[in-house]
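J.: Protein chains in written order, with the numbering used here: chain A, 632 to 999; chain B, 318 to 610.
Please find one structure pasted underneath; my questions will follow.
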Amino acid sequence: MSVDSSNGPLAGLRRPFEGPNTMGNTPSFWLGFVAAVAVLAALPILFGYYAAEIGAVFLAYALLGVSLAFIWGYCGILSFGQVAFFGIGGYAFGVVAINVPTLTGATLGLLAAIAVSTCFAAALGYFMFYGGVRDVYVTILTLVVALVLYTFMGQTAGGEWAIGDARLGGFNGMSGVPDLGIGIGSTGLEIGIVGHYYVTLSALVATYLGLRALVNSRFGYAMVATREDESRTEMFGYNTTFIKFAVFTIGGAIAGLSGVLFATQNNYIDPSVFGITAAALPVVWASVGGRTSLLGTVGAALAIQFVDYQLALSGSEWALVIIGSLLVFVVLVMPEGVAPRLRDLVVNYRSSEPTPADAPAGTEEVSD
Amino acid sequence: MATPELLNLGFEFVEIFAFIVLATVGLAVIFGMMGIINLAHGEFILVGAYATSFAVAAGLPLAVAMAVGVVVTAAFGLVLERLIIRRLYGRLLDSMVVTWGISLVMIQLTRIAFGNTAPGVGIPFGQLPVVDGPTYYLVLAVIAVGVLGGLYALFTWTDFGVRARATMQDEETARSMGVDTDRMYMATFAIGSGLAGLAGALYAPVMTVTPEYGTSFLVESFVAVVVGGSSVLLGTILASGFLGTINAAFTNLAGTFMGQVAMLVAAIVAIRLMPDGITGLLSDLREKWGESE
Numbered sequence: 632m633s634v635d636s637s638n639g640p641l642a643g644l645r646r647p648f649e650g651p652n653t654m655g656n657t658p659s660f661w662l663g664f665v666a667a668v669a670v671l672a673a674l675p676i677l678f679g680y681y682a683a684e685i686g687a688v689f690l691a692y693a694l695l696g697v698s699l700a701f702i703w704g705y706c707g708i709l710s711f712g713q714v715a716f717f718g719i720g721g722y723a724f725g726v727v728a729i730n731v732p733t734l735t736g737a738t739l740g741l742l743a744a745i746a747v748s749t750c751f752a753a754a755l756g757y758f759m760f761y762g763g764v765r766d767v768y769v770t771i772l773t774l775v776v777a778l779v780l781y782t783f784m785g786q787t788a789g790g791e792w793a794i795g796d797a798r799l800g801g802f803n804g805m806s807g808v809p810d811l812g813i814g815i816g817s818t819g820l821e822i823g824i825v826g827h828y829y830v831t832l833s834a835l836v837a838t839y840l841g842l843r844a845l846v847n848s849r850f851g852y853a854m855v856a857t858r859e860d861e862s863r864t865e866m867f868g869y870n871t872t873f874i875k876f877a878v879f880t881i882g883g884a885i886a887g888l889s890g891v892l893f894a895t896q897n898n899y900i901d902p903s904v905f906g907i908t909a910a911a912l913p914v915v916w917a918s919v920g921g922r923t924s925l926l927g928t929v930g931a932a933l934a935i936q937f938v939d940y941q942l943a944l945s946g947s948e949w950a951l952v953i954i955g956s957l958l959v960f961v962v963l964v965m966p967e968g969v970a971p972r973l974r975d976l977v978v979n980y981r982s983s984e985p986t987p988a989d990a991p992a993g994t995e996e997v998s999d
Numbered sequence: 318m319a320t321p322e323l324l325n326l327g328f329e330f331v332e333i334f335a336f337i338v339l340a341t342v343g344l345a346v347i348f349g350m351m352g353i354i355n356l357a358h359g360e361f362i363l364v365g366a367y368a369t370s371f372a373v374a375a376g377l378p379l380a381v382a383m384a385v386g387v388v389v390t391a392a393f394g395l396v397l398e399r400l401i402i403r404r405l406y407g408r409l410l411d412s413m414v415v416t417w418g419i420s421l422v423m424i425q426l427t428r429i430a431f432g433n434t435a436p437g438v439g440i441p442f443g444q445l446p447v448v449d450g451p452t453y454y455l456v457l458a459v460i461a462v463g464v465l466g467g468l469y470a471l472f473t474w475t476d477f478g479v480r481a482r483a484t485m486q487d488e489e490t491a492r493s494m495g496v497d498t499d500r501m502y503m504a505t506f507a508i509g510s511g512l513a514g515l516a517g518a519l520y521a522p523v524m525t526v527t528p529e530y531g532t533s534f535l536v537e538s539f540v541a542v543v544v545g546g547s548s549v550l551l552g553t554i555l556a557s558g559f560l561g562t563i564n565a566a567f568t569n570l571a572g573t574f575m576g577q578v579a580m581l582v583a584a585i586v587a588i589r590l591m592p593d594g595i596t597g598l599l600s601d602l603r604e605k606w607g608e609s610e
């Protein structure tokens with residue numbers, strides 16, 4: 632931690648979020664961070680309704696990316712099936728909210744979706760980590776779980792595949808997923824398109840700050856130690872199996888929340904969220920942005936999905952070629968990802984005055 | 318169970334077993350021997366299928382066209398190894414991420430270059446008299462067994478096989494004994510790619526060749542490699558047998574979808590119970606018996 636982070640006007644406020652496990656522990660970083668959030672918050676005002684509609688989806692993706700960066704970058708667990716929790720969250724919300732078509736349903740749906748995806752992640756994590764499944768086998772197992780869900784949900788087209796009024800719909804997907812809302816019966820707050828954007832942005836910022844505090848706590852040190860050398864950490868008396876289990880479960884809960892935000896924005900979810908292409912996207916964002924940088928992952932998710940969207944809009948077929956090449960290029964040339972590399976460059980260049988490396992990247996990419 | 322039903326079940330098993338073996342061996346050679354997780358394996362298969370389809374469309378006899386498919390894929394693998402893969406030895410997870418990127422690029426480039434389908438190839442040899450299915454599936458099973466036998470011979474009996482295995486087991490020592498380890502990696506990767514190309518060539522007549530053709534192989538091959546464990550040949554045989562049995566049984570009871578779901582669930586349970594695969598479990602057992610003697 633550099634000297635100038637221990638004083639300054641808001642030092643006390645910043646302290647829980649700063650530490651050796653995150654980049655950007657300076658006042659100028661936080662200034663950039665606040666500016667970036669302000670720019671994101673201003674987007675619907677500047678560009679209107681449509682920007683909010685599209686932007687909310689990107690922000691939900693960024694939240695999914697953060698959930699992977701947290702477990703992969705900080706605890707060394709590469710889950711190729713992070714979308715499993717994302718999809719389960721989305722489907723669970725749909726099933727509950729369609730069956731209870733009032734604001735009670737939306738509220739219950741949100742709680743149920745997070746509970747279901749958390750429990751599913753906990754069950755899978757318990758099954759794997761307490762069963763001695765390691766390293767690359769965890770990666771493959773999680774991918775297979777996502778593919779099982781893909782195959783299974785794909786064959787639920789028949790009328791018998793319905794939970795109450797909610798028809799799963801096979802590859803046609805589940806349509807008519809209600810908007811997000813909070814309340815009981817018909818009294819409460821219905822969250823429209825612009826409101827949904829701000830809810831998603833708040834969820835992302837809150838998750839980012841929460842995870843920053845977590846990875847810089849004692850538990851966070853134990854997580855990183857587990858990533859670096861599991862057997863040595865265990866010898867020091869830490870229960871690494873439990874640490875991995877807990878981290879995986881938290882990651883699953885966040886992914887579940889992002890799935891709800893995604894499904895409520897589109898009012899629709901289909902099995903393609905479990906497919907191989909979808910499964911690999913969080914890995915792409917975290918690899919390109921830098922898996923040990925939560926903000927780098929957010930920046931990469933927003934930038935890549937924005938470019939992907941623009942290319943799709945212009946009818947170009949080259950989106951996947953560009954994303955794939957970018958992935959190969961980044962992993963070969965800067966294995967740590969863009970954000971840590973930028974940070975190193977900035978620190979080397981201006982070692983007297985460290986500036987936040989990852990904040991401007993996030994700002995530039997979304998403001999153009 | 319009546320005899321025709323039993324025959325059908327047996328035929329189904331042979332069909333799935335051959336499919337898993339052929340889809341898996343290329344991946345198993347590359348993963349088991351070189352420690353590269355090739356998520357672009359399906360797209361290597363795609364290269365083989367496209368090369369075969371276009372060779373047939375150009376008027377070559379089917380067998381020659383298939384040979385073209387194998388050679389083109391092996392050459393393709395060789396180039397990719399030189400350009401990208403050789404930087405990834407010893408970086409297991411990175412190899413997975415990079416090859417996935419390669420797979421994305423290849424699928425989309427295929428779509429851009431050739432459109433959504435390749436020229437069709439007819440199924441040779443006609444129908445079987447007793448069970449409901451083409452004779453070609455039995456030919457595939459024979460070829461699958463032949464490939465396994467050929468690989469066994471290559472890696473145990475030839476000079477090349479011994480050098481290749483020495484390289485994978487202990488690169489430093491192999492190099493100090495005068496083995497050109499760089500060339501061994503290159504050759505092994507090319508063999509793995511060629512085997513992927515063979516799968517693509519052989520299945521070009523029975524499956525519609527589209528840019529997503531490779532993904533229909535990827536899951537089975539992946540799961541089989543992991544369930545099989547690090548011993549390439551024995552692992553492939555045992556895992557294909559195990560997964561093929563479950564798939565055939567559940568397909569018969571509840572349809573194709575449930576067959577696939579059951580196979581994947583069985584694979585999850587198998588990885589949980591045997592983190593080092595079937596062959597890992599076998600070598601553990603062998604050690605235990607060795608101790609008790």
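From the three backbone atoms N, C-alpha and C, an ideal C-beta is built for every residue, glycine too.
Measuring only the C-alpha atoms, how far is residue 529 of chain B from residue 424 of chain B?
T.: Here residue 529 of chain B refers to the residue found at position 212 of the second sequence. Here residue 424 of chain B refers to the residue found at position 107 of the second sequence. Looking at the two C-alpha atoms, the distance is approximately 7 Å.
J.: As a quick exercise: from B/348, B/507, B/408, pick the residue whose alpha carbon is nearest that of residue 540 of chain B.
T.: Taking the second sequence and counting its residues from 1, one reaches residue 540 of chain B at position 223. Comparing Cα-Cα distances from residue 540 of chain B to each of B/348, B/507, B/408, the minimum goes to B/348.
J.: Applying a beta-carbon distance threshold of less than 8 Å, which residues of chain E neighbour residue 364 of chain B?
T.: Protein chains A and B are contained in the structure displayed, whereas chain E is not.
J.: Can you confirm whether residue 570 of chain B, when its beta carbon is compared against all beta carbons of chain A, has any partner nearer than 8 Å?
T.: The count along the second sequence starts at 1 and reaches residue 570 of chain B at position 253. Not closer than 8 Å to any Cβ of chain A, the Cβ of residue 570 of chain B fails to qualify, so no.
J.: Do you know whose CA, among B/550, B/455, B/576, lies nearest residue 519 of chain B's CA?
T.: Position 202 of the second sequence holds residue 519 of chain B. Checked all of B/550, B/455, B/576; the closest Cα to residue 519 of chain B is B/455.
J.: Is it buried or exposed, residue 896 of chain A, if we count other Cβ atoms within 10 angstroms and call 16 or more buried?
T.: Indexing the first sequence from 1 puts residue 896 of chain A at position 265. Classification for residue 896 of chain A: buried.
J.: Which ranges does the alpha helix (DSSP H) cover as unbroken runs of at least 4 residues, wholly within the segment 869 to 904 of chain A, from first to last along the chain?
T.: The segment 869 to 904 of chain A contains these whole alpha helix (DSSP H) runs: 871 to 897.
J.: Spatial neighbours of residue 509 of chain B within its chain, please: C-beta separation below 6 Å, excluding the five flanking residues on both sides.
T.: As a first step, residue 509 of chain B must be located in the second sequence, where it is residue number 192. Cβ neighbours of residue 509 of chain B beyond the five flanking positions: 343, 346, 347.
J.: Hey, is residue 772 of chain A's beta-carbon within less than 8 Å of any beta-carbon in chain B?
T.: Residue mapping note: residue 772 of chain A aligns to position 141 of the first sequence, counting from 1. At least one chain B Cβ lies under 8 Å of residue 772 of chain A.
J.: Near residue 372 of chain B, which residues of its chain fall below 6 Å by C-beta distance, leaving aside the five closest residues on each side in sequence?
T.: As a position in the second sequence, residue 372 of chain B is number 55, starting the count at 1. Once the five neighbours on either side are set aside, the close Cβ partners of residue 372 of chain B are 382, 385.
J.: For residue 818 of chain A, name the three-state secondary structure that DSSP assigns.
T.: Reading the first sequence from its first residue, position 187 is the one you call residue 818 of chain A. Strand.
J.: Given a cut-off of 8 Å, decide if residue 725 of chain A and residue 893 of chain A are closer than it, judged by their beta-carbon atoms.
T.: For the purposes of this step, residue 893 of chain A is taken as residue 262 along the first sequence, with counting starting at 1. For the purposes of this step, residue 725 of chain A is taken as residue 94 along the first sequence, with counting starting at 1. Going by C-beta atoms, residue 893 of chain A is not nearer than 8 Å to residue 725 of chain A.
J.: Rounded to a whole number of angstroms, what is the C-alpha to C-alpha distance between residue 363 of chain B and residue 434 of chain B?
T.: What you label residue 363 of chain B is simply residue 46 of the second sequence in a count that begins at 1. What you label residue 434 of chain B is simply residue 117 of the second sequence in a count that begins at 1. Going by the C-alpha atoms only, they are around 11 Å apart.
J.: Let me check one thing: in DSSP terms, what residues is residue 798 of chain A bridge-paired to?
T.: Translated into the one-based positions of the first sequence, residue 798 of chain A becomes position 167. In the DSSP output, where bridge partners are listed per residue, residue 798 of chain A has A/793.
J.: Tell me the DSSP secondary structure of residue 524 of chain B in three-state form.
T.: Here the question's residue 524 of chain B lines up with position 207 in the second sequence. Reduced to three states, the DSSP call for residue 524 of chain B is coil.
J.: Three or more C-beta pairs under 8 Å: does that hold for the segment 695 to 708 of chain A against the segment 837 to 845 of chain A?
T.: The segment 695 to 708 of chain A is in contact with the segment 837 to 845 of chain A.
J.: Helix, strand or coil for residue 577 of chain B per DSSP?
T.: One-based indexing of the second sequence puts residue 577 of chain B at position 260. Residue 577 of chain B: helix per DSSP, three-state reduction.
J.: If you draw a straight line from the C-alpha of residue 497 of chain B to the C-alpha of residue 866 of chain A, how long is it?
T.: Stepping through the second sequence from its first residue, residue 497 of chain B is reached at position 180. Stepping through the first sequence from its first residue, residue 866 of chain A is reached at position 235. One C-alpha to the other measures close to 41 Å.
J.: Please state whether the Cβ-Cβ distance between residue 692 of chain A and residue 941 of chain A is less than 8 Å.
T.: Position 61 of the first sequence holds residue 692 of chain A. Position 310 of the first sequence holds residue 941 of chain A. Against a cut-off of 8 Å, the Cβ pair of residue 941 of chain A and residue 692 of chain A comes out as no contact.
J.: Between A/902, A/672, A/962, which lies nearest to residue 806 of chain A when the distance is taken from Cα to Cα?
T.: In the first sequence, the residue the question calls residue 806 of chain A occupies position 175. Ranking the options by Cα distance to residue 806 of chain A, first place goes to A/902.
J.: Consider the Cβ of residue 486 of chain B: report whether some Cβ of chain A lies at a distance smaller than 8 Å.
T.: As a first step, residue 486 of chain B is located in the second sequence; it is residue number 169 there, counting from the start. It does not: the Cβ of residue 486 of chain B has no partner Cβ on chain A nearer than 8 Å.
J.: Could you check the C-alpha separation between residue 402 of chain B and residue 473 of chain B for me, to the nearest Å?
T.: The sequence position of residue 402 of chain B within the second sequence is 85, counting from 1. The sequence position of residue 473 of chain B within the second sequence is 156, counting from 1. Rounded to the nearest angstrom, the two C-alpha atoms are 25 Å apart.
J.: What are the residues in the segment 749 to 763 of chain A lying within 8 Å of chain B by C-beta distance?
T.: Under the 8 Å Cβ criterion, the segment 749 to 763 of chain A contributes 758, 759, 762, 763.
J.: Three-state secondary structure (DSSP) at residue 451 of chain B?
T.: Translated into the one-based positions of the second sequence, residue 451 of chain B becomes position 134. Strand at residue 451 of chain B.
J.: With 9 Å as the limit, tell me which residues of the segment 454 to 483 of chain B have their beta carbon closer than that to any beta carbon of chain A; keep them in chain order.
T.: Cβ contacts with chain A come from no residue of the segment 454 to 483 of chain B.
J.: Report the partner residues of residue 965 of chain A according to the DSSP bridge assignment.
T.: The count along the first sequence starts at 1 and reaches residue 965 of chain A at position 334. The partner list for residue 965 of chain A (beta bridge, DSSP) is empty, contrary to what the question assumes.
J.: For residue 425 of chain B and chain A, any beta-carbon pair shorter than 8 Å?
T.: By one-based count along the second sequence, residue 425 of chain B stands at place 108. Yes, its Cβ sits closer than 8 Å to a Cβ of chain A.
J.: Does the beta-carbon of residue 539 of chain B, which I'm using as the reference point, lie nearer than 7 Å to any heavy atom of the ligand COA?
T.: You won't find the ligand COA in this model; it holds no ligand whatsoever.
J.: Are any of the Cβ atoms in chain A nearer than 8 Å to that of residue 444 of chain B?
T.: Counting from 1 along the second sequence, the entry for residue 444 of chain B is found at position 127. Judged by the 8 Å Cβ criterion, residue 444 of chain B is not in contact with chain A.
J.: Which same chain residues end up closer than 7 Å to residue 950 of chain A when comparing Cβ atoms and leaving out the 5 residues on each side of it in sequence?
T.: Counted from its first residue, the first sequence places residue 950 of chain A at position 319. 939, 942, 943.
J.: For the segment 954 to 972 of chain A, which residues have a beta carbon sitting closer than 8 Å to at least one beta carbon of chain B?
T.: Here the close residues are 954, 955, 956, 957, 958, 959, 962, 963, 966.
J.: By a C-beta neighbour count over all protein chains shown, 10 Å radius and 16 as the cutoff for buried, is residue 859 of chain A buried or exposed?
T.: One-based indexing of the first sequence puts residue 859 of chain A at position 228. Result: exposed.
J.: Applying the 10 Å Cβ sphere with the 16-neighbour rule, what's the burial state of residue 634 of chain A?
T.: In the first sequence, counting from the first residue as 1, residue 634 of chain A sits at position 3. Residue placement at residue 634 of chain A is poorly supported in this model, since its pLDDT is 44, which falls under 50; the coordinates still yield a value, given next. Exposed, because fewer than 16 other Cβ atoms sit within 10 Å of the Cβ of residue 634 of chain A.
J.: From the DSSP output, which residues share a beta bridge with residue 557 of chain B?
T.: The residue you call residue 557 of chain B lines up with position 240 of the second sequence. Its beta-bridge partners do not exist; DSSP assigns none.
J.: Spatial neighbours of residue 586 of chain A within its chain, please: CB distance less than 6 Å, with the 5 preceding and 5 following residues excluded, ordered by chain position.
T.: Absent from the structure is residue 586 of chain A, since the part of chain A shown begins at 632 and ends at 999.
J.: Measuring only between beta-carbons, confirm whether residue 768 of chain A sits less than 8 Å from chain B.
T.: Taking the first sequence and counting its residues from 1, one reaches residue 768 of chain A at position 137. At least one chain B Cβ lies under 8 Å of residue 768 of chain A.
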